[in-house]
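Asker: Input: one structure, supplied below.
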Amino acid sequence: MSESSSAAPPDLDLRLVRYFTAVAEHRHFGRAAEALHVTQPSLSRQVRRLEQQLGARLLDRTPRGTVLTEAGEVFLPRARALLRSAASAAAETRAAARPSRITVGYTAGLIVTPAVRELRRRHPDADVRTQHVPWNEASAALLDHRVDALVTRLPFPTGGLQVTVLYDEPRVLVVPLDHRLAGKESVTLDDIAGEPLPRVRESDPSWSAFWLIDPRPDGSRAPDGPVIDAVEDKFEVVAAGEAVAISAGVRGSLRPDLTAIPLEGVEPSHVVLATRADDGNRLVAAFRKAARAQLTGRP
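Sequential numbering of the sequence shown, starting at 1, is according to UniProt numbering.
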């Protein structure tokens, strides 16, 4: 038997794998180090350790940032799958040890309290927790077992998930108070044909297409607006007069220098409950029932 065929496979340190995926996703050691709450030199050393374990260079630094090598491109999806599998194994083990536990997630602007209170009332011995989930981490939060049920808005990647529509929210146009359309009873896409809309950097294409309504029904593209790094920044650029924004569920939570106008002739936003498709936790089924009854979009 040759030396290469008898060599044991490397024992990969999941912490190093997680560090590598952070750098690969941020395309920058400094930003990844900040997200991981470690120093940049320490992060560089940990990634080198992983490369030594694998026997392959995974990342190259360039003047424009960090890029994946060919080996890194091959390893990245496998690294993500490895981390997801480890998270699933840990979560399922904890669930077996504590079968009466559930974490309910929600994204910005959505309320889960009535359904959570109903679940606690019906299952007083259960450990029912709630957790805010960033708008762009809906699928990952469920598949990584950070939450067991999530109330959020479509669209987002739904592979491996069970999704139930709870209610619809009409979409609105958000403009500053001194905008030419402010005060109108409603507007249409024709009214905003030339109005720039903010674009969120590196957002999911289906999400961007829905909230920009891009392309428009006539095939035209939505006008380009300022590029922002977080969806929460959109109201700032709207208030500054740089753009208008299409939103939903904001009428009671807008800043005083903005107003929302009903946007007619467009599909509404769908508020949904998402869970893992293969989750047999009895509390997930119980929360789904409570959500359907309690989360209707009405005050």
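Every residue gets a Cβ at the ideal spot worked out from N, C-alpha and C, and that includes glycine.
By the three-class DSSP mapping on this structure, what secondary structure does A193 have?
Answerer: Here A193 sits in coil by DSSP.
Asker: Thinking just about the alpha-carbon of each residue, which of L189, A22 and E267 is nearest to the one in R221?
Answerer: Nearest C-alpha to R221: L189.
Asker: Alpha helix (DSSP H) containing V116: first to last residue?
Answerer: Taken as a continuous stretch (DSSP letters only), the alpha helix (DSSP H) holding V116 covers T113 to R122.
Asker: Are the region 271–291 and the region 133–145 touching by the rule of at least three beta carbon pairs closer than 8 angstroms?
Answerer: A contact exists between the region 271–291 and the region 133–145.
Asker: Regarding E264 and the ligand ZN, is the C-beta to nearest heavy atom distance less than 7 angstroms?
Answerer: Within the structure as shown, the ligand ZN is missing, as the structure has no ligands at all.
Asker: Please name the residue, chosen from V266, R153, F75 and P217, that lies closest to N136 on a Cα-to-Cα basis.
Answerer: With distances taken between Cα atoms, N136 lies closest to R153.
Asker: Is the separation between the beta-carbon of V244 and that of V174 shorter than 8 angstroms?
Answerer: Result yes, Cβ atoms of V244 and V174 sit closer than 8 angstroms.
Asker: Taking L212 as the reference, give the member of L197, E202, D148 and R201 with the closest Cα.
Answerer: The candidate whose alpha carbon is nearest that of L212 is L197.
Asker: In whole angstroms, what is the alpha-carbon distance linking L150 and K289?
Answerer: Computed Cα separation, rounded: 13 angstroms.
Asker: Buried or exposed: which applies to A81, given that a residue is buried once 16 or more other Cβ atoms fall within 10 Å of its Cβ?
Answerer: Under this definition A81 is an exposed residue.
Asker: Taking only three categories from DSSP, how would you classify V133?
Answerer: It is coil, neither helix nor strand.
Asker: Let's see if you can read the secondary structure: which residues bound the alpha helix (DSSP H) around H26?
Answerer: It spans L14 to H26 - the alpha helix (DSSP H) in which H26 sits, taken as one unbroken run.
Asker: On the DSSP letters alone, give me the boundaries of the alpha helix (DSSP H) that V284 sits inside.
Answerer: First-last of the alpha helix (DSSP H) with V284: R282 to Q294.
Asker: Cα separation between G225 and R199?
Answerer: Distance between the alpha carbons of G225 and R199 is about 6 angstroms.
Asker: Where does A86 sit, in a helix, a strand or coil, going by DSSP?
Answerer: DSSP places A86 in helix when its eight states are reduced to three.
Asker: Between the beta-carbon of L58 and the beta-carbon of F20, is there less than 8 angstroms?
Answerer: Contact flag set, yes.
Asker: Mind listing, in chain order, the continuous alpha helix (DSSP H) runs of no fewer than 4 residues lying wholly within the region 217–259?
Answerer: You should have 234–239.
Asker: What first and last residue would you give for the beta strand (DSSP E) that runs through E185?
Answerer: Per DSSP, E185 belongs to no beta strand (DSSP E) and is neither H nor E.
Asker: Reducing DSSP to helix, strand and coil, say where L150 ends up.
Answerer: Here L150 sits in strand by DSSP.
Asker: Give me the Cβ distance between P223 and E242, rounded to the nearest whole Å; I'm assuming they're in contact under 8 angstroms.
Answerer: With 8 angstroms as the limit, P223 and E242 do not qualify as a contact, their Cβ atoms being about 12 angstroms apart.
Asker: On a CA-only basis, which of S42, S208 and S88 is nearest K234? Give me that one, please.
Answerer: Nearest of S42, S208 and S88 to K234, Cα basis: S208.
Asker: Please name the residue or residues paired with S269 in a DSSP beta bridge.
Answerer: In the DSSP output, where bridge partners are listed per residue, S269 has E169.
Asker: Taking C-beta to C-beta, are Y106 and T130 nearer than 8 angstroms?
Answerer: Closer than 8 angstroms, so yes.
Asker: Where does V104 sit, in a helix, a strand or coil, going by DSSP?
Answerer: Residue state, collapsed to three classes: strand.
Asker: Hey, how far is the Cα of S203 from the Cα of R146?
Answerer: Going from the Cα of S203 to the Cα of R146 covers about 21 angstroms.
Asker: Less than 8 angstroms between the beta carbons of R101 and A126, yes or no?
Answerer: Yes; because the gap between Cβ atoms is below 8 angstroms, this pair is in contact.
Asker: One question on the structure: do S206 and G109 come within less than 8 angstroms of each other, judged by their Cβ atoms?
Answerer: Contact flag unset, no.
Asker: Would R117 be called buried (16 or more neighbouring beta carbons within 10 Å of its own) or exposed?
Answerer: Looking at its Cβ environment, which holds fewer than 16 other Cβ atoms inside 10 Å, R117 is exposed.
Asker: What does P155 pair with, by DSSP beta-bridge criteria?
Answerer: According to DSSP, P155 bridges with nothing at all.
Asker: Does the Cβ of L12 have 16 or more other Cβ atoms within 10 Å, making it buried, or fewer, making it exposed?
Answerer: Label assigned to L12: exposed.
Asker: Counting only the same chain and skipping the five closest in sequence on each side, list residues whose C-beta sits under 8 angstroms from that of L14.
Answerer: If we look at L14 and ignore the five residues flanking it on each side, its Cβ neighbours are L82, L83 and A86.
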